[in-house]
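Novice: Structure provided below as structure tokens; questions to follow.
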Amino acid sequence: MYYRINKLCGREDYSVKFNGKIDSKIVNKILEVLKDFEVKSKSSDSIWLQKGDKRIFVFFYGEILFTNFTKDEVTSIVNSIVG
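Numbering (numbering that gives the first Met the number 0), first residue to last: 0 to 82.
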């Protein structure tokens, strides 16, 4: 799956956009890779994960937002998810 990482306005905020939707297989992989994060909210179209001041918002239309992460952390997480 192709993706692109974009820096957002925040100090350490990033958006990862995928070339397709995030299906249940990818959602399960995300939850497995980020098992040390607490699931704060889960709906039919998104998930909010948090660990301390780090937040991840997964939107099933094909985007993940990372708040308070370095680019290296984001790249490592995404590579673990998409393999």
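Beta carbons are placed, not taken as given, at the ideal position from N, Cα and C, and that holds for glycine.
Alpha carbon to alpha carbon, what distance is there between Ile46 and Ile25?
Specialist: Numbered from its first residue, the sequence shown carries residue 25 at position 26. Numbered from its first residue, the sequence shown carries residue 46 at position 47. Approximately 12 Å between the Cα atoms of the pair.
Novice: In this structure, does DSSP put Asn67 in helix, strand or coil?
Specialist: By one-based count along the sequence shown, residue 67 stands at place 68. If DSSP states are grouped into helix, strand and coil, Asn67 belongs with coil.
Novice: Can you list, in chain order, the residues of its chain whose CB lies under 7 Å from that of Gln49, leaving out five sequence neighbours each side?
Specialist: Stepping through the sequence shown from its first residue, residue 49 is reached at position 50. Cβ within range, chain order: Phe36, Glu37, Lys39.
Novice: Could you please give the first and the last residue of the uninterrupted alpha helix (DSSP H) stretch that includes Asn27?
Specialist: As a first step, residue 27 is located in the sequence shown; it is residue number 28 there, counting from the start. Where Asn27 is concerned, the enclosing alpha helix (DSSP H) stretches over 23-32.
Novice: Would Glu11 and Asn78 qualify as a contact pair, given that the criterion is a beta-carbon distance under 8 Å?
Specialist: Position 12 of the sequence shown, counted from the start, is the residue given in the question as residue 11. Position 79 of the sequence shown, counted from the start, is the residue given in the question as residue 78. No; because the gap between Cβ atoms is not below 8 Å, this pair is not in contact.
Novice: Given a cut-off of 8 Å, decide if Asp44 and Phe56 are closer than it, judged by their beta-carbon atoms.
Specialist: The residue labelled residue 56 in the question sits at position 57 within the sequence shown. The residue labelled residue 44 in the question sits at position 45 within the sequence shown. Contact flag unset, no.
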